[in-house]
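> Got a structure for you, questions after.
There are 2 protein chains.
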Amino acid sequence: MSATPPRMQLACSACNLRDLCMPSGLAAADMARLDGLITSRRTVKRRAALYRRGDPFTALYAVRSGIFKSCQQSEGGAELVTGFHMAGEILGMEGIDQDLHTCDAVALEDAEVCVMPFDAVCQLAREIPGVQRQLHRIMSREIVRDHGVMQLLANMRAEERVASFLLNLLQRLQARGFSGSELVLRMSRQDIGSFLGLTLETVSRTLSKLAADGLLEVQHRHIRILDSEARRRWQRQLDAAT
Amino acid sequence: MSATPPRMQLACSACNLRDLCMPSGLAAADMARLDGLITSRRTVKRRAALYRRGDPFTALYAVRSGIFKSCQQSEGGAELVTGFHMAGEILGMEGIDQDLHTCDAVALEDAEVCVMPFDAVCQLAREIPGVQRQLHRIMSREIVRDHGVMQLLANMRAEERVASFLLNLLQRLQARGFSGSELVLRMSRQDIGSFLGLTLETVSRTLSKLAADGLLEVQHRHIRILDSEARRRWQRQLDAAT
DNA sequence: CGCGGTGTTGAAAATTGTCAATAATTGTGG
DNA sequence: CCACAATTATTGACAATTTTCAACACCGCG
Chain A
123 MSATPPRMQL ACSACNLRDL CMPSGLAAAD MARLDGLITS RRTVKRRAAL
173 YRRGDPFTAL YAVRSGIFKS CQQSEGGAEL VTGFHMAGEI LGMEGIDQDL
223 HTCDAVALED AEVCVMPFDA VCQLAREIPG VQRQLHRIMS REIVRDHGVM
273 QLLANMRAEE RVASFLLNLL QRLQARGFSG SELVLRMSRQ DIGSFLGLTL
323 ETVSRTLSKL AADGLLEVQH RHIRILDSEA RRRWQRQLDA AT
Chain B
123 MSATPPRMQL ACSACNLRDL CMPSGLAAAD MARLDGLITS RRTVKRRAAL
173 YRRGDPFTAL YAVRSGIFKS CQQSEGGAEL VTGFHMAGEI LGMEGIDQDL
223 HTCDAVALED AEVCVMPFDA VCQLAREIPG VQRQLHRIMS REIVRDHGVM
273 QLLANMRAEE RVASFLLNLL QRLQARGFSG SELVLRMSRQ DIGSFLGLTL
323 ETVSRTLSKL AADGLLEVQH RHIRILDSEA RRRWQRQLDA AT
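These protein sequence lines are chains A and B, in that order. Residues 123 to 364 (this note's numbering) make up the first sequence, in order. Residues 123 to 364 (this note's numbering) make up the second sequence, in order.
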């Protein structure tokens, strides 16, 4: 028998991700009322899907650990990765419109999510303006993020895309307490290429070139940024593009 | 003195766009309660902005007439068009997250919008589940639309992009009672190119090629689809991509 | 220790962008 | 209503970037 009852472990107010996740920005009293929202967690094994295109939409999911990719199939069997999602980020909002998920969410490593039944989310949003506001913010932020990806796909060359991608990952990892200059990619070159609108060969070549230029150290999936000057230059580029 | 008081003219329940716009899917009683939401309309002259990046976010806007583009500036002064918006579509959702608009909304022809003060929208959403649901749907649909654009930018070649773009416009025009095979482009080649991640020259060349292949008739900004077989083929492509 | 998946690299081909010249159209003011 | 200026669009030649196809290397794991 554990010291805390199982339900306590699901409380948002006690979660170390609370400032990055659903309850971010909520007053203490509102946050307490969120604690009833999450009634279950779900573990997802590497390469398994949290949901697939066509699955009925019933809940939003908050990533608790692990990384996911969202991807759509296109006609030729080619897959488009529309995003990568790490701890504290919310998945599943594309499903609200049609009550069906329109893409797959696949774990890139063993992962766990908090299940937020959407009916309960809506109920809370009606009762607690702070929750309503936060839900709107999360959806709006997803729209803004997508616009950033469009900017990347429409206007940047391969090298800029890869650099922006790496800096974006580093920034998000740093917000989660990891290094801001070093990371282990959890996704394949294929996945990166699909997300960036490039072939896997171009991604590989671009990483090699950045390494040859002395800006990165690349060892398989372990990346380290070496030149902080270049980093700042890229960062400006990324900021301007967002 | 007009037969109907001015306020009546702003009623969603009496609007011919109601099935495409905010009230779509609402029960009659709920729709009646929406009628108090819109307290003003705003006209926007061609080339003028409904809002600009950095403007405080206060309202969502429903396009009543005319066409808008949304666009972001990037570092080099280059502009990225993130979407085109026609009657019944909702603008401004990117502003919710930060309480600031993150892009410009510019009228491509003289236009009019219904102003939906966001506080009032939120209030209604708390009181009327149908309105809440519709608001969520509209935001979700924007996310799904953005994923479709990412698909286009990441995986399609110039000819496919242009064809998808034209078919998408035709589909939306048809839903509004216009021809499904003929249209007048309200945006420049530059705007189309920016949206599709192509140069204006490539857009122009691609239209010329499609015309030379006998699939389109292109006269300046007037386009007509000739080959319905090709149309169906493209349509499948577009559907698969979305 | 070999095998499958993953990543790297090269060379040639395809696509798109760039630069430049010209044409057509639209808007404006006389 | 016409003519001119400004904007917008078309087209060509060439260059740059990225993809494609192919060969090979590396890693982790049974």
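Glycine residues also receive a C-beta, built at the ideal position from the N, C-alpha and C atoms. Note that the structure is a prediction, hence the values are computed from the model and not measured.
Using only alpha-carbon positions, find the residue among B/Arg343, B/Val325, B/Arg346 and B/Ile314 that is nearest to B/Glu201.
B/Ile314
> Beta carbons nearer than 7 Å to chain B: which residues of the region 256 to 267 of chain A have them?
His258, Arg259, Met261, Ser262, Arg263, Glu264, Ile265 and Val266
> Along the chain, where does the beta strand (DSSP E) containing A/His344 start, and where does it finish?
Residues His344 to Ile347.
> Applying a beta-carbon distance threshold of less than 7 Å, which residues of chain A neighbour B/Arg311?
The premise fails here: B/Arg311 is roughly 15 Å from chain A at the closest Cβ pair, so nothing lies under 7 Å.
> Any idea if A/Asn277 is buried or exposed, counting beta-carbon neighbours within 10 angstroms, 16 or more meaning buried?
Burial call: buried.
> The alpha helix (DSSP H) spanning B/Thr321 covers which residue range?
Taken as a continuous stretch (DSSP letters only), B/Thr321 belongs to no alpha helix (DSSP H), as it is neither H nor E.
> Going by DSSP, what residues sit across from A/Ala229 in a beta bridge?
A/Phe190
> I want to know whether the region 305 to 320 of chain A touches the region 264 to 283 of chain B - three or more CB-CB distances under 8 Å.
Yes: the two stretches touch, three or more of their Cβ pairs being nearer than 8 Å.
> Going along chain A in order, which residues have a C-beta closer than 7 Å to the C-beta of B/Ala233?
Within chain A, no residue comes near B/Ala233; the closest Cβ sits about 21 Å away, beyond 7 Å.
> At the level of alpha carbons, what is the spacing between B/Leu322 and A/Gln293?
34 Å
> Output, in chain order, the set of chain A residues within a Cβ distance shorter than 9 Å of B/Met153.
Residues of chain A passing the Cβ test: none, with the nearest at roughly 19 Å.
> Say whether chain B places a C-beta atom closer than 9 Å to the C-beta of A/Cys244.
Taking CB atoms only, A/Cys244 has a neighbour in chain B less than 9 Å away.
> Residues of the region 212 to 223 of chain B in Cβ contact with chain A at a cutoff of 9 Å, in chain order, please.
Met215, Glu216, Gly217, Ile218, Asp219 and Gln220
> Pair every Cβ in the region 225 to 232 of chain A with every Cβ in the region 253 to 262 of chain A, then say whether three or more of these pairs are closer than 8 Å.
Too few Cβ pairs lie closer than 8 Å, so no.
> Buried or exposed for B/Ala285, please, with buried defined as at least 16 other CB atoms from any protein chain shown within 10 angstroms of its CB.
The residue in question, B/Ala285, is buried, as its Cβ has 16 or more Cβ neighbours within 10 Å.
> Among residues of its own chain, excluding the 5 on either side of A/Glu211, which ones have a beta-carbon nearer than 6 Å to its beta-carbon?
Val185
> In this structure, does DSSP put A/Gln131 in helix, strand or coil?
helix
> Using 9 Å as the limit for Cβ to Cβ distance, is A/Pro251 near chain B?
It does; some Cβ of chain B falls within 9 Å.
> Using the Cα positions of A/Val183 and A/Ser262, report the straight-line distance between them to the nearest angstrom.
The identity of residue 183 of chain A in the sequence shown is Tyr, whereas the question assumes Val. For A/Tyr183 and A/Ser262, the distance between alpha carbons rounds to 17 Å.
> Can you check whether the C-beta of B/Ser196 is within less than 9 Å of a C-beta belonging to chain A?
Cβ-Cβ to chain A under 9 Å: yes for B/Ser196.
> Please name the residue in B/Leu132, B/Gly270, B/Asp335 and B/Leu348 whose C-alpha comes closest to that of A/Cys193.
B/Gly270
> With a CB to CB cut of under 8 Å and the five nearest residues on each side skipped, what residues in its chain are close to A/Ala170?
Val228 and Ala229
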